[in-house]
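Report on one structure; see the data block that follows.
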Amino acid sequence: MTVVMNPFVVLSLIIFLPAVGAAVVALLPRQSEEQMKLFSLAVMLILLLLVGYLAINPEPARPGSATAWDRGRVQHGFSVGWIEGFGIYYFLGLDGINFPLVMLTALIGVLAMAASWGIREHVRAYCALYLLLHTGMFGVFMALDLFLFYVLWEVVLLPMYFLIGVWGGPRKEYAAIKFFLFTLVGSVLMLVGMLMLYFNSDLRLLNEAQLQACFIDPNILTQAGNQPIHTFNMLALAELGQMPNSPFARELWGQSVQWWVFILFMIGFLIKVPAVPVHTWLPDAHVEAPTPISMILAGVLLKMGGYGLLRLCYPVCPDAAYELAGLVVALGVISMVYGAFAAMAQTDFKRLVAYSSVSHMGYVVLGLGAWSLTAENRFIRDYWAMGINGAMYQMIAHGITSAGMFFLVGVIYERVHHRNLNQFGGLFNRMPVYGTISMIIFFAAMGLPGLCGFIGEFFVVLSAWRYSPVVAVVGASVVILTAGYILWTMWRVYLGAEYRGPHPEDLSPMRRGEVAIAVPLVFLAILLGIYPKALLGFMSPSIRRTVEDLGVWMERVKIPQISGTDQAGEKADTASSAASAVRVSQKEHKMVDRDLQPLTGGVPSVSQRVMCSVSIAPNEHWTAEGSKPANESRFISARLINDFLRIRYSRLRTFGCWEQLQYQHLSATWICGNFTGQKSGAKTEGMGIPYPGSRQSHCGCPPGGDEFANLLVATSCGNSLQRR
Amino acid sequence: MNLDQLIDQNLRDLVTVSLPGFRVELILCATIVALLFVRMLVPRWSWGPQGVTLAGAVLAAWAAFWPPILPEPAFLFGGVLVQDDFAVYCRALLALFLLLFAVFTWISGIPGLGSATEFYVLSLAALLGMCLMVSANHAVIVVLGLEMASVPGYAMAGLLKHRRESSEAALKFAVFGAGTAGIMLYGISLIGGLLGSVHLPTMASRLAADLPQILAEQPAAAAVMSLGALMFLVGLAFKLSAVPFQFWTPDVFEGAAAEVGAFLSVASKTAALALLLRVTLLFTAPPSATVQAVDAPAVAASAPAVFSTISTPNSLTDSLGTPPATEAVRNFFVALLTVLAALTCTFGNWAAYGQQNLKRLMAYSTIGHAGYLIMPVAAAVALSGPTPEAAKAAVASALFYLVIYLFMNLGAFALTAFVRNTLSSEQIDSCAGLIRYQPLVAVCGTIIFFSLLGLPPLAGFMAKFSIFAALARAELWGLLAIAVFNTVLSLFYYLRVIKVMTLDPVTADSLPRQNLSNGAKLFLLAITVPLIVFGIWWNELFLIAEKAASAVVLPWGAYSGLTTRIGL
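Chains X and W, in that order, give the protein sequences.
Going by our numbering, the first residue of the first sequence is number 1, and it counts up by one from there.
Going by our numbering, the first residue of the second sequence is number 725, and it counts up by one from there.
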């Protein structure tokens, strides 16, 4: 399909078609309940088609990348002025971080609407509110302007309050107002944080290329005068937050502005996620809400919190995120453990599923929080990217499994009107299809390898290992707890010989419609378990892009800060090395015209710092620049570097940044292992590299060849790498 | 200049400048006279008062929204009134309210035949006073306008003669109002005596220029000045229902009819806030020192030299620089307004929680919103020195909030009135299950109350957001925290009303006694739709508010120092 639809039309349609549909439904005559439900279902199906269209129709690929999603940039983005008085734009866009969530919303929306066929009272109001809810949800994920994001975030509140409060269970009013209250508290805190960001932002600090990338017209710089141009543009805020002299680093009551903003945003999003200790609204809301609303609440609404963390907290406030990583990880782990234990104690089926949601979303928080910093302050981007991939994958997988679980609970509740786990049993015999489907969905929730829940949990735990092994062990142990309550539940509900509860005669097999709702979930649970690339193909490039940006920030801003304050005796070198570290930018290929001075041997201390910045320019001219601390001596052959890089350059040119890093890493070790360079032809005699604390290896290369490689390997994009 | 020339000049000024600029008020006066004549000549005309009022309101609104024919700012009646963008905006708002009010009272049926003429005469007279308040340029006009706006309200509150609560409300209102008016007058006399003038711009310039000198001569002047300012603000705080002068509000609102509540909560708050803005910004950002009347209108050129006491302050810098006296005044006002706003907001929202009567709840909600309205004034005053542009945005946010507040509050009181008509009760619990019988009313009521709470994407949130933005810009973080906290606090009582209307089942008490007329439903819908529309398209309105704000933040530099012809 090569029809290119205007992004403004398509994205606005996705957001506002439900609202229009709600208005239409509100005007339909009261008696036509079936028509109302059909109409709403039709609207949701149209949305699913639109989203599907976007999935298979990304923007045309630019030369140099395989598909457009590989770039990880914002696609179908557009920005239109909305409230000029405040610089608010109607700015929507899709990238790998929000598009999977949009797909999830569309899918769960259709399924939940189909599951709403059992609603008999006030159908008109139900359908109208249901459709209005989707306006908010789609908008939250697609909005890239912070004010628009906030407004649509709160649009979700009103329909949700009524959907729980009118069609809910026995304690519906209590659950509804608790939900409303908690979310509103989080929202107003977000509002304060938003205003803090807004009034400290200044678009004049960005250059033209950056403004273009943020979909901002560079001409506004000319109209500014000498007043700062404030912005709500999320991409621009992320750029401003990651600048070396970020305007958000301003002091405010002892901490930087971005620290406060991170705290405020974090509380707001963690209420939504939900993380312990602000999770208490969730069990009540989930239990009292009707089945389709529980599906949406668990499947989509909770992801809004995780999305907000990833989109707003980390890129815009990296400094605070780094400092408070421990707090976030702790909250995630506590949520995981507490949710699992609480789930084990439940006798209400739905409440058990609600607590399992708390536990699973703890994985998301853990995955996002674990900045994988090792003891030597070297930032291993790969692990953090893995963590975020895992967190996002877990969000999608949890959306599928929890929606499925709630639906299945609803199926049985509709028949026997109770949810007491001690009064079930033997459902496999009476309802075999139901039992099978339940088994798959519940195992997927448990994280059985081969089903969707495993991938996310695995990635998160692996990334957490790098951060702290204790945390990873705890995370892995939670799997045991999860297995505990899920298997126990399945045993109590599905296995056994007989059904021990009321209304045994109502246990009819699943109807075709119900099977039709459950089958897509089962299919996806299996597909995403055995072919994760289906989802990772969308997510990974954008996540990698985010992680790369933050990695650059770490190197340019944070590590100089950390190392600068640690080294007492090398202030001068710190200053010069910090200065030259910051100067080289990622995107530029600059030529640095000084050869690396051969450094005579000596025994340096471990705490010395060498900085080596290597650039590769297209014409294969290279130089390396380093600084020699006063009492340190290190001998690195310039020629070695030259040859090595020149040979490898043609291969390196086609890779993205990270691949280059890895490749050079491998190549350097390989060179060291092959001193004569038979395979590569690299001339290595005359190197004479007395490396600090060296023992003579057979190749004369410094021991710990990978250390040397890391030394060499500032990436070919021109970053500088510091090491202690 | 002799007497003949003086009279000539005054007449010319009257005919060419003052009367054309005063046309809205003149129309109101004509309507009052027409009402009295209609009552006298055609007493049996059942919808006579309503019709005449509506016609007058339409004319007044037309005159108010018509572009002004005088260059702005214009000084009317020798400088006691000023017509600038700000006054025009506020007066248009008041005229719009009058129009909606006339329609509202016609539909809701109060006042009845017996007291309709009195009711409308009183409300038009009060509105006339409010129009004077928003364009006041002289302290005497401030008092005059305040009194004209308040006194008819005392009588309107006691309109329902057969109810004891009404009489009690009227008495409380009158006693309270009289007391605060007296205090305000005393405060004005103190300041006027110290500064030697009661013409507001002159007072402001003299305060900025001569305060060090005055303090040097009489060290007690600082205390006297602060006392005078506080007393002056007492009158305004009374009108705004600001703590600690809010005691009259719940009783008056509960005792009076809902229509009167609508009038008091919307129109008098608008006028009071406009006056507060004007006065505080005038004293904290006084007119510029340069008295070269470059584009002076005919008024300035014809000002007789012997009677004009143009002040040439000697130590003023231009409007962007701040003499230390102004700085001190600014800090004083910021502190005062901050405390006032914080207390008012918190008290209103806290006390509203336990209310059972819908009108009393709305009274406390009005107090809470008055607190929100005072906050941007504090922000504007804080910003008016260093960054007038940002102060302009703060004032604009207050003006924008007033528009949204008009619709929200009028809608809430209209709901109360219609519920009273259908259910014969004003208790919240009697609205239980309203959505079953009157779905449109319940849905509109839900939207109105959510807008009062400040929930996106309704207009109430946009208005609150602009206020919060002003606070954040002025870095009044404590006030912002209090405002945010109060938004959450207000959730409880607004949501309770909504919950009762929509979630609670219908009880025996809440069965409707009468049907609601189509006109009522249409009116409610017409009031609710702007809350949704302005929630999305509020840019133009905000820009208009900014234009109005620019008149009062960077006051008329070229016309500074012009005093009244009377030479006070």
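Cβ coordinates follow ideal geometry from the N, Cα and C atoms, glycine included.
With DSSP collapsed to three states, give me the class of residue i.
{"i": "residue 88(X)", "result": "strand"}
{"i": "residue 725(X)", "result": "With chain X covering 1 to 724 only, the question about residue 725(X) has no answer from this structure."}
{"i": "residue 1235(W)", "result": "coil"}
{"i": "residue 279(X)", "result": "coil"}
{"i": "residue 1153(W)", "result": "helix"}
{"i": "residue 555(X)", "result": "helix"}
{"i": "residue 420(X)", "result": "strand"}
{"i": "residue 251(X)", "result": "strand"}
{"i": "residue 78(X)", "result": "strand"}
{"i": "residue 732(W)", "result": "helix"}
{"i": "residue 480(X)", "result": "helix"}
{"i": "residue 726(X)", "result": "No answer is possible for residue 726(X): the residues shown for chain X start at 1 and end at 724."}
{"i": "residue 429(X)", "result": "helix"}
{"i": "residue 375(X)", "result": "Per-residue confidence for residue 375(X) stands at a pLDDT of 39, beneath the threshold of 50, marking its modelled position as unreliable; the derived number appears in the next sentence. Of the three classes helix, strand and coil, the one that applies to residue 375(X) here is coil, per DSSP."}
If you measure between the beta carbons of residue i and residue j, is that distance less than 7 Å?
{"i": "residue 1119(W)", "j": "residue 1273(W)", "result": "yes"}
{"i": "residue 400(X)", "j": "residue 543(X)", "result": "no"}
{"i": "residue 831(W)", "j": "residue 1247(W)", "result": "yes"}
{"i": "residue 129(X)", "j": "residue 163(X)", "result": "yes"}
{"i": "residue 791(X)", "j": "residue 262(X)", "result": "Because chain X is modelled from 1 through 724, residue 791(X) falls outside the range shown and cannot be assessed."}
{"i": "residue 287(X)", "j": "residue 351(X)", "result": "yes"}
{"i": "residue 869(W)", "j": "residue 905(W)", "result": "no"}
{"i": "residue 316(X)", "j": "residue 385(X)", "result": "no"}
{"i": "residue 1171(W)", "j": "residue 1226(W)", "result": "no"}
{"i": "residue 1259(W)", "j": "residue 1181(W)", "result": "yes"}
{"i": "residue 336(X)", "j": "residue 478(X)", "result": "yes"}
{"i": "residue 371(X)", "j": "residue 325(X)", "result": "yes"}
{"i": "residue 44(X)", "j": "residue 109(X)", "result": "yes"}
{"i": "residue 204(X)", "j": "residue 229(X)", "result": "yes"}
What I want to know is whether the C-beta of residue i ends up closer than 6 Å to one or more non-hydrogen atoms of the ligand COA.
{"i": "residue 37(X)", "result": "Ligands displayed in this structure: none; no statement on the ligand COA is therefore possible."}
Could you name the residues of chain C that residue i contacts, counting a contact when the two beta carbons are closer than 7 Å?
{"i": "residue 185(X)", "result": "Among the protein chains in the structure shown, which are X and W, there is no chain C."}
Next item on the list: Mind the definition here: the segment 1104-1114 of chain W touches the segment 973-991 of chain W only if three or more C-beta pairs lie below 8 Å; say whether that holds.
Entry: No: fewer than three Cβ pairs fall under 8 Å.
Next item on the list: Mind checking the segment 1222-1235 of chain W against chain X and listing, in chain order, the residues whose C-beta falls within less than 9 Å of any C-beta there?
Entry: 1222, 1223, 1226, 1227 and 1228
Check: Which residues, in order along the segment 139-173 of chain X, keep a beta-carbon less than 9 Å from a beta-carbon of chain W?
Finding: 147, 150, 151, 152, 153, 154, 155, 157, 158, 161, 162, 165, 166, 172 and 173
Item checked: Near-chain W residues of the segment 78-105 of chain X - C-beta to any C-beta below 9 Å -> 81, 82, 83, 84, 85, 86 and 88
Margin query: To be precise: take each residue of the segment 227-249 of chain X, compare its Cβ to all Cβ atoms of chain W, and keep it if any distance is under 8 Å. Which residues remain?
Written below: 227
Margin query: Along the segment 1178-1195 of chain W, where does the CB come closer than 7 Å to a CB of chain X? Name the residues.
Written below: 1179, 1180, 1181, 1192 and 1193
Margin query: Please list, in chain order, the residues of the segment 1196-1213 of chain W that have any C-beta partner in chain X closer than 7 Å.
Written below: 1196, 1197, 1204, 1208, 1211 and 1212
Notebook entry, point to check: Any contact of the segment 1069-1089 of chain W with the segment 968-975 of chain W, i.e. 3+ C-beta pairs under 8 Å?
Noted result: yes
Notebook entry, point to check: Between the segment 1061-1070 of chain W and the segment 1187-1196 of chain W, do three or more beta carbon pairs fall short of 8 Å?
Noted result: no
Margin query: Just to confirm the assignment: which complete beta strand (DSSP E) runs, minimum length 3, are found wholly within the segment 1083-1122 of chain W?
Written below: Fully enclosed beta strand (DSSP E) runs of 3 or longer: not present.
Checklist line | chain X contacts made by the segment 1242-1272 of chain W, where a contact means CB separation under 8 Å | finding: Within the segment 1242-1272 of chain W, the residues whose Cβ lies closer than 8 Å to any Cβ of chain X are, in chain order, 1262, 1263, 1266, 1267 and 1270.
Check: Could you give the uninterrupted runs of the alpha helix (DSSP H) lying entirely in the segment 1149-1234 of chain W, keeping only those of 4 residues or more?
Finding: 1158-1161, 1163-1177, 1183-1197 and 1201-1226
Notebook entry, point to check: In chain order, which continuous runs of the alpha helix (DSSP H) of length 4 or greater are located wholly inside the segment 751-812 of chain W?
Noted result: 772-789
Next item on the list: Examine the Cβ distances between the segment 737-752 of chain W and the segment 772-786 of chain W and report whether three or more of them are shorter than 8 Å.
Entry: yes
Item checked: Selection of the segment 102-134 of chain X by Cβ proximity to chain W, strictly under 9 Å -> 122 and 125
Next item on the list: With a floor of 4 residues, list each alpha helix (DSSP H) that falls wholly inside the segment 814-885 of chain W, ordered by position along the chain.
Entry: 840-858 and 863-881
Notebook entry, point to check: Listed in chain order, which residues of the segment 864-888 of chain W have Cβ atoms closer than 9 Å to some Cβ of chain X?
Noted result: none
Check: Which residues, taken in chain order from the segment 177-210 of chain X, show a beta carbon closer than 8 Å to some beta carbon of chain W?
Finding: Hits within the stretch, in order: 177, 180, 181, 184, 185, 188, 189, 191, 192, 195, 196, 198 and 199.
Checklist line | Unbroken stretches of the beta strand (DSSP E), 3 residues or longer, contained in the segment 83-128 of chain X | finding: Whole beta strand (DSSP E) segments, 3+ residues: 88-94.
Margin query: In chain order, what are the residue ranges of uninterrupted alpha helix (DSSP H) at least 4 long that sit wholly in the segment 907-964 of chain W?
Written below: 924-941 and 945-964
Next item on the list: Would you check if there are 3 or more beta carbon pairs closer than 8 Å linking the segment 809-825 of chain W to the segment 852-866 of chain W?
Entry: yes
Check: Looking at C-beta atoms only, is the number of pairs between the segment 882-889 of chain W and the segment 925-942 of chain W that lie closer than 8 Å three or more?
Finding: No: the two stretches stay apart, fewer than three of their Cβ pairs being nearer than 8 Å.
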